[in-house]
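Chemist: First to last, the sequence lines map onto chains A and B.
Mapped onto numbering that gives the first Met the number 0, the consecutive letters of the first sequence carry residue numbers 0 to 330.
Mapped onto numbering that gives the first Met the number 0, the consecutive letters of the second sequence carry residue numbers 0 to 330.
Note that CB positions come from ideal geometry on N, CA and C, so glycine has one too.
Quantities reported herein were computed from a predicted structural model and do not represent experimental measurements.
Right, I'll just put the structure down here and ask away after.
2 protein chains.
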Amino acid sequence: MKTNKAIILDSRPTDKVSPANFRLVEAPLPTPGPGEVLVRHHYLSLDPYMRGRLSDAKSYAKPQELGATMGGGTVGEVVASNNPRFKPGNFVVGMGGWQLYGLSDGRDLNVVDAATIPLQAYLGTVGMPGVTAWYGLNKIIAAKKGETVVVSAATGAVGSVVGQLAKIAGARTVGVAGGADKCAYAVKELGYDVCVDHKSPRFAEEMKAALPNGLDGLFENVGGEPFAQCLRRLNDFARIAICGLIASYEGPPTALPDMRLFLVRRIKIEGFIVSDHLPLWPQALGELAGHVAAGRLRWRETVREGLESAPQALVDLLHGGNFGKMLVKLI
Amino acid sequence: MKTNKAIILDSRPTDKVSPANFRLVEAPLPTPGPGEVLVRHHYLSLDPYMRGRLSDAKSYAKPQELGATMGGGTVGEVVASNNPRFKPGNFVVGMGGWQLYGLSDGRDLNVVDAATIPLQAYLGTVGMPGVTAWYGLNKIIAAKKGETVVVSAATGAVGSVVGQLAKIAGARTVGVAGGADKCAYAVKELGYDVCVDHKSPRFAEEMKAALPNGLDGLFENVGGEPFAQCLRRLNDFARIAICGLIASYEGPPTALPDMRLFLVRRIKIEGFIVSDHLPLWPQALGELAGHVAAGRLRWRETVREGLESAPQALVDLLHGGNFGKMLVKLI
Numbered sequence: 000m001k002t003n004k005a006i007i008l009d010s011r012p013t014d015k016v017s018p019a020n021f022r023l024v025e026a027p028l029p030t031p032g033p034g035e036v037l038v039r040h041h042y043l044s045l046d047p048y049m050r051g052r053l054s055d056a057k058s059y060a061k062p063q064e065l066g067a068t069m070g071g072g073t074v075g076e077v078v079a080s081n082n083p084r085f086k087p088g089n090f091v092v093g094m095g096g097w098q099l100y101g102l103s104d105g106r107d108l109n110v111v112d113a114a115t116i117p118l119q120a121y122l123g124t125v126g127m128p129g130v131t132a133w134y135g136l137n138k139i140i141a142a143k144k145g146e147t148v149v150v151s152a153a154t155g156a157v158g159s160v161v162g163q164l165a166k167i168a169g170a171r172t173v174g175v176a177g178g179a180d181k182c183a184y185a186v187k188e189l190g191y192d193v194c195v196d197h198k199s200p201r202f203a204e205e206m207k208a209a210l211p212n213g214l215d216g217l218f219e220n221v222g223g224e225p226f227a228q229c230l231r232r233l234n235d236f237a238r239i240a241i242c243g244l245i246a247s248y249e250g251p252p253t254a255l256p257d258m259r260l261f262l263v264r265r266i267k268i269e270g271f272i273v274s275d276h277l278p279l280w281p282q283a284l285g286e287l288a289g290h291v292a293a294g295r296l297r298w299r300e301t302v303r304e305g306l307e308s309a310p311q312a313l314v315d316l317l318h319g320g321n322f323g324k325m326l327v328k329l330i
Numbered sequence: 000m001k002t003n004k005a006i007i008l009d010s011r012p013t014d015k016v017s018p019a020n021f022r023l024v025e026a027p028l029p030t031p032g033p034g035e036v037l038v039r040h041h042y043l044s045l046d047p048y049m050r051g052r053l054s055d056a057k058s059y060a061k062p063q064e065l066g067a068t069m070g071g072g073t074v075g076e077v078v079a080s081n082n083p084r085f086k087p088g089n090f091v092v093g094m095g096g097w098q099l100y101g102l103s104d105g106r107d108l109n110v111v112d113a114a115t116i117p118l119q120a121y122l123g124t125v126g127m128p129g130v131t132a133w134y135g136l137n138k139i140i141a142a143k144k145g146e147t148v149v150v151s152a153a154t155g156a157v158g159s160v161v162g163q164l165a166k167i168a169g170a171r172t173v174g175v176a177g178g179a180d181k182c183a184y185a186v187k188e189l190g191y192d193v194c195v196d197h198k199s200p201r202f203a204e205e206m207k208a209a210l211p212n213g214l215d216g217l218f219e220n221v222g223g224e225p226f227a228q229c230l231r232r233l234n235d236f237a238r239i240a241i242c243g244l245i246a247s248y249e250g251p252p253t254a255l256p257d258m259r260l261f262l263v264r265r266i267k268i269e270g271f272i273v274s275d276h277l278p279l280w281p282q283a284l285g286e287l288a289g290h291v292a293a294g295r296l297r298w299r300e301t302v303r304e305g306l307e308s309a310p311q312a313l314v315d316l317l318h319g320g321n322f323g324k325m326l327v328k329l330i
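Printed below as a string of structure tokens:
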């Protein structure tokens, strides 16, 4: 009899999350009931929002239940199905969680075309992170040709798409990333006009130099010091999309020290969660797939091997240990 | 020969503005040149934005020039005109400044109907403050029926219009004002569902009690502690229009201590200046005049007598010493 393996949340982190908060469990492989689908996962997606779910404080996502399999996006292949929408051999994207096999009633699953686009891209550039980039850039920042857009976590799963879409829209793009290798990749491969290393001891001066005409749009994934530097360079009518604040998830809060800036500069700032905007996903995914097919969007992946690597991979993601989309390969 | 009297800015305030920063000067009454109009001012408007112009720090308004006549909105009567758009006897609203007579090329002047609406209302409910209320409420907060809208400085020239327009739109309206008399007026005359006195020692508890279902829209004129209390009561997708931060103009800055709120609650916050939106003024003024004509908008005025009273009136306005629109009567 085949077994399934899963990782459950064993305890809530009191400060920083560690692999000790998780536990690997085994269970018999389930048999799909009426309407159900069994999926063998190929890749598991690790995303910054998961940190919020580990706490039971009020947040936009429901807290992860203790003792239950960790939630998370997955791509895989249907191996058994009692649901007419799916048949064995279909590749699907869904919310299968941190486990080798996922059982679903099919509501979270969508069949994807793994022939023209690599399967795992449905967890990244043509998945939730890509739609996140698309929404914040198009619906909040709405960058016009010639404007300057700053993207923090510029080479991450979301940021890499923001930078490239902003460039396609005719903006000047300034990335912020951690380390010289990420910054070099941002400029050479992702087409940023410039990328500033937030680990540099001269970060503030380098941000000033990178923004001689200020900034009109900020896609914020990080918070902390990069955000503070951007606040000093806002142009009149700048728009800030707050997508994530990863520097504050296990660090000090990111503050706005003086609201008067909003009046002096007429700033708009808006926080968003992509799952609030499901009706726009088909349009966004269609455009993203079109760009990928045309070779206009590039990305990088950090792939960890095996389900057991997921907890440490999450820890690493939260501290910039990924380069591009963080994935766990399960097969 | 007739003389004009004017108040000039004599020195910039280093901390709080005082009447000693201003000086009354006299000059011969000018004769209009080609295309020019001479207006005898009936009322001078005092508005919180004037505080910002007294400093030479970067702000949305150009700094007031030292030694020059203080700028400001005025209503009055044309007494001489070489401009075909105006004839003696016309009542006009304009930016005549702190003086008894204003000379203009006509570009800042508009003829108004003083027969159906009191002349000084063109400096308040059917003037810049009214359009400010209209813009922030309709274009940023966009209150839906049944939502809760909080208005700080609830009985002021702007706030009183916001509260009444929000009520007309079907919202539940919660005012914040300084003192029991203002709060009583807010509820009895302006139709707020409740008004909380920010001078109350139990202010935080009273705000909590006034917002049992949180708030969906915040029209912020004040900043400081009322703003901090509102941040604690935001509903998901709340919209905050930042119109003014009068508590911070001569006090400590108003901060947003933790941006994470923007993600958890998906908040939008936007600062605005009504003069950025001139194309919308005719629509806004038309709607406001219609509401006034139909008796749907009420307001109060604090009227000081004589040009010499203007400096102290501005100081009082900045510290809540007005009740409704602050005006100086010049005739």
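1) Kindly indicate which three-state DSSP category threonine 301 of chain B falls into: helix, strand or coil?
2) So, does the CB of isoleucine 239 of chain A fall closer than 7 Å to a CB anywhere in chain B?
3) Terminal residues of the continuous beta strand (DSSP E) containing aspartate 180 of chain A?
4) Kindly identify the DSSP beta-bridge partner or partners of leucine 233 of chain B.
5) For glutamine 98 of chain B, list the residues DSSP reports as bridge partners.
6) Look at the alpha carbon of valine 161 of chain B and the alpha carbon of serine 159 of chain A, and state the distance between them as a whole number of angstroms.
7) Buried or exposed: proline 225 of chain A, going by 16 or more other Cβ atoms within 10 Å of its Cβ?
8) Which residues, taken in chain order from the stretch 125-150 of chain A, show a beta carbon closer than 8 Å to some beta carbon of chain B?
9) Short check: CB of histidine 290 of chain B to CB of tyrosine 134 of chain B, under 7 Å?
10) So which residues of chain A does proline 338 of chain B contact, with C-beta pairs closer than 9 Å?
11) Could you check whether the Cβ of isoleucine 272 of chain A sits closer than 7 Å to any Cβ belonging to chain B?
12) If I'm right that tryptophan 97 of chain A touches isoleucine 6 of chain A with Cβ under 8 Å, what's the distance once you round it to whole angstroms?
13) Restricting to Cα atoms, I'd like to know which of B:Met94, B:Tyr100, B:Ser54 is closest to asparagine 109 of chain B.
14) Using the three-state DSSP reduction, which class does valine 291 of chain A fall into: helix, strand or coil?
15) For asparagine 150 of chain A, which residues of its own chain have a beta-carbon under 6 Å away from its beta-carbon, when the five flanking residues on both sides are left out?
16) Just checking glycine 305 of chain B against the ligand COA - is the residue's beta carbon closer than 6 Å to any of the ligand's heavy atoms?
17) Label serine 274 of chain B either buried or exposed according to how many other C-beta atoms from any shown protein chain fall within 10 Å of its C-beta, with 16 as the threshold for buried.
18) Which chain A residues are close to serine 247 of chain B, counting only those with a beta carbon under 9 Å from its beta carbon?
19) Ends of the beta strand (DSSP E) at glutamate 269 of chain B?
20) Under 9 Å Cβ-Cβ, which residues of chain A neighbour serine 58 of chain B?
21) Return yes when the Cβ of histidine 197 of chain A is within less than 7 Å of the Cβ of glycine 222 of chain A, no when it is not.
22) Could you compute how far the alpha carbon of alanine 62 of chain A sits from the alpha carbon of leucine 53 of chain A?
23) Go ahead and pull the three-state DSSP assignment for aspartate 196 of chain B.
24) In chain order, what residues of the same chain lie with their CB nearer than 6 Å to the CB of methionine 206 of chain B, ignoring the 5 residues before and after it?
25) Is it right to say lysine 181 of chain B is buried, meaning 16 or more other beta carbons lie within 10 angstroms of its own, or is it exposed?
26) Residues bridged to proline 27 of chain A by DSSP?
27) Can you find a C-beta in chain A that's less than 7 Å from the C-beta of glutamate 307 of chain B?
28) Taking Cβ positions only, does lysine 61 of chain A come closer than 7 Å to chain B?
29) Could you tell me which residues DSSP pairs with glutamate 219 of chain A in its beta bridges?
30) Assuming the contact rule is C-beta atoms closer than 8 Å, serine 58 of chain A and glycine 51 of chain A should be a hit. Round their C-beta distance to whole Å, please.
31) Out of A:Ala114, A:Arg238, A:Arg11, point me to the one whose CA is closest to glycine 66 of chain A's CA.
32) Under 7 Å, do proline 18 of chain A and glutamine 311 of chain A count as touching if we go by C-beta distance?
Modeler: The answer reads as follows:
1) strand
2) It does not: the Cβ of isoleucine 239 of chain A has no partner Cβ on chain B nearer than 7 Å.
3) Element bounds for aspartate 180 of chain A: not the beta strand (DSSP E) but the alpha helix (DSSP H), 179-187.
4) B:Leu214
5) B:Ala5
6) Here the C-alpha atom of valine 161 of chain B lies approximately 42 Å from the C-alpha atom of serine 159 of chain A.
7) buried
8) none
9) For the pair histidine 290 of chain B and tyrosine 134 of chain B, the CB atoms are not nearer than the 7 Å cut-off.
10) It is not possible to answer for residue 338 of chain B, since the shown part of chain B is limited to 0 through 330.
11) yes
12) The pair is a contact, with the Cβ atoms about 4 Å apart (cut-off 8 Å).
13) B:Met94
14) Of the three classes helix, strand and coil, the one that applies to valine 291 of chain A here is helix, per DSSP.
15) Correcting the residue identity first, residue 150 of chain A is valine in this sequence and not asparagine. Once the five neighbours on either side are set aside, the close Cβ partners of valine 150 of chain A are Gly158, Val161, Gly162, Gly174, Phe218.
16) Within the structure as shown, the ligand COA is missing, as the structure has no ligands at all.
17) exposed
18) Asp257, Met258, Arg259
19) 267-270
20) Within 9 Å Cβ-Cβ: Arg259, Leu262, Val263.
21) no
22) The sequence as given places proline at residue 62 of chain A; alanine does not occur at that position. In a straight line, the C-alpha of proline 62 of chain A is about 6 Å away from that of leucine 53 of chain A.
23) strand
24) Within the same chain, and ignoring the five residues on either side of methionine 206 of chain B in sequence, the residues whose Cβ sits closer than 6 Å to its Cβ are Val195, Gln228.
25) buried
26) According to DSSP, which records beta bridges pairwise, proline 27 of chain A is partnered with A:Thr2.
27) no
28) So, not an interface residue.
29) A:Ile241
30) 4 Å
31) A:Arg11
32) The Cβ-Cβ distance between proline 18 of chain A and glutamine 311 of chain A falls below 7 Å.
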